[in-house]
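Take any residue in the sequence shown, count from 1 to its spot, add 1: that is its number in the numbering used here. Before any comments, here is the structure.
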Amino acid sequence: MATENKNLSEYDKNTIPNAKDFRFGIVVSEWNDTITEGLYNGAFDALIDCEVPAQQIIRWNVPGSFELIYGAKKMLQTQNVDAVIVIGCVIQGQTKHFDFVCEGVTQGIKDLNVQTDIPVIFCVLTDNNMQQSIDRSGGVHGNKGTEAAIAAIKMAYIRQQASIAHAYNQPLLASGAIQIEETPRKIENE
């Protein structure tokens, strides 16, 4: 998403589903920790602002952005979360290492989203320089961590509503919500 003329920290709480019963995991890269701490703080503060109790937010640290994939996978397998946010920062250097790390992390997180039923939200900055990362982790463009937290809430809600819709054999509305009939339809083989 382009950040020009956009503050990543702005959201309308009236458009955010109720998040007080959701449980979130956040996996944070220790590499470029000045940036990743800012992103984490943005995500944590947004979740708290949207009434997620602090004890329902689990944080794990991993050494670098490439390790976010394994950390997220293990969190999905062991922590009974409704969504996971992965937070990292890779800054362009003079070698192709940047390209390999960015591609690997992107594909790894995509794979987790395809292979599991729990959304994994990508909050990995892939910037050309440190200033761009500062600008997107609490600087002039706001905080990509905040944006990731709001995405996590919305995706956890879609997952919840899809499960309910499936149980009641009802379609999801365009909003991601379902409309349940007064009496559920009889499910075959009951």
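Built from N, CA and C at the ideal position, the CB exists for glycine as well.
Asked, Found
"C-alpha distance - Val-85 paired with Asn-62, whole-angstrom precision", "13 Å"
"Simplified DSSP assignment, three categories, for Ile-165", "helix"
"At least 3 beta-carbon pairs within less than 8 Å: the stretch 32-47 vs the stretch 96-108", "no"
"Secondary structure, alpha helix (DSSP H): runs of 4+ residues fully inside the stretch 20-79", "34-50, 69-79"
"Euclidean distance between Cα positions of Gly-109 and Gly-72", "11 Å"
"DSSP beta-bridge partners of Asn-144", "Ser-138"
"Continuous alpha helix (DSSP H) stretch holding Gly-105: start and end", "98-116"
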